[in-house]
Amino acid sequence: MGFADKLTPQEKLRIVQELVPGKQITIAHVIANPDPVLYEKLGLDPAIDYSRSAIGVVTISPAETAIIIADIAMKAAGVEVGFVDRFSGTLIVTGTVSETEAALRALTEYARERLGFEVCEITRT
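Counting in the numbering used here, the sequence shown runs from 16 upward without gaps.
Structure (structure tokens):
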């Protein structure tokens, strides 16, 4: 029995959560040479040779903008889109380390310069 189950109807709280998107990229990260199990856990294509690859992870809001940055990433650096979600603003791309870094540089620059977004630093592990 959880905490809310112990409350009387008069004591129960109603919590409203809402997303107020800004124009921002909050995560732009390159995972260089990840363990192959990470590809499997993310549901990425296991037939691709990932021995010299990278995963790029980006979170953007408004969420629909993930579609635009996915297009920018693919055109800029020959990466493959592993996942794009227009509802959460998540983009995952795969490619070589240099392709993935180039894709993230291109999409963050486009978001900053053309769309007027606040953009975080690109990080790498």
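Here a beta-carbon is modelled for each residue, glycine too, at the ideal position from N, C-alpha and C. Predicted model, so just to flag it, every value in this text is computed and none were measured.
Determine the burial state of E55: buried for a count of at least 16 other Cβ atoms within 10 Å of its Cβ, exposed for fewer. exposed
Sort H44, I137 and S68 by Cα distance to D50 and report the nearest one. Distance check between D50 and each of H44, I137 and S68 places S68 closest, using alpha-carbon atoms only.
So the alpha helix (DSSP H) E124 belongs to, where does it begin and stop? Run containing E124: V112 to E128, per the alpha helix (DSSP H) assignment.
Apart from the five residues on each side of it in sequence, which residues of its chain come closer than 7 Å, Cβ to Cβ, to F102? Closer than 7 Å at the Cβ level, and outside the excluded window around F102, lie A78.
Tell me the DSSP secondary structure of T41 in three-state form. Reduced to three states, the DSSP call for T41 is strand.
So if DSSP puts F98 in a beta bridge, which residue, or which two residues, is it bridged to? I107
With a threshold of 16 other CB atoms inside 10 Å of the CB of E133, please say whether the residue is buried or exposed. So E133 ends up on the exposed side.
Checking 8 Å against the spacing of the C-beta atoms, do L97 and I87 come in under that value? For clarity, residue 97 is Gly in the given sequence; the question names Leu instead. No Cβ-Cβ contact shorter than 8 Å links G97 with I87.
Please work out which residues of its chain come closer than 7 Å, Cβ to Cβ, to R127, disregarding the five sequence neighbours upstream and downstream, and give them in chain order. V134
Backbone CA spacing between V94 and Y125 [nearest angstrom]: Each residue's CA atom was taken as its position, placing V94 and Y125 some 17 Å apart.
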